[in-house]
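Residue numbers (the UniProt record's numbering): 1 to 91.
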């Protein structure tokens, strides 16, 4: 997880918290958090990076729509990150 950008981590968290979201669904959720529009040229290359790192899998819902799903490796990365963070932040 340490080699991901903050944006990629945010994408990973959104995907982990949803049930096979489409790219558009991920985009909508991240835009709510960032309070600004995320263009496709930023979104999809970063989603592809998560897929290439095997943290997320990509599949097809139909001919035009892909879905994204967290992998076991992605879950492990999130868990390790949360454990690391808890050393420093405990609310």
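No residue lacks a Cβ here, since even glycine has one placed at the ideal position from N, Cα and C.
Any alpha helix (DSSP H) of 4 or more consecutive residues that is wholly inside the UniProt domain "Transcription regulator PadR N-terminal" (12-80): You should have 23-34 and 40-52.
Assuming residue 50 contacts residue 73 under a Cβ cut-off of 8 angstroms, what Cβ separation, rounded to an integer in Å, is found between them? Between residue 73 and residue 50 the Cβ distance is about 10 angstroms, and since that is not below 8 angstroms, they are no contact.
By DSSP, does residue 91 sit in helix, in strand, or in coil? Three-state DSSP puts residue 91 in coil, outside helix and strand.
How would you label residue 77, buried or exposed, when you count the other beta carbons within 10 angstroms and need 16 or more for buried? Buried, because 16 or more other Cβ atoms sit within 10 Å of the Cβ of residue 77.
In whole angstroms, what is the alpha-carbon distance linking residue 65 and residue 29? For residue 65 and residue 29, the distance between alpha carbons rounds to 17 angstroms.
Span separating the alpha-carbon of residue 39 from that of residue 68: Here the alpha carbons of residue 68 and residue 39 stand approximately 18 angstroms from one another.
Could you name the residues of the same chain whose beta carbon sits closer than 6 angstroms to that of residue 57, not counting the 5 residues immediately before and after it, in chain order? In its chain, beyond the 5 residues on either side, 69 and 71 have a beta carbon closer than 6 angstroms to the beta carbon of residue 57.
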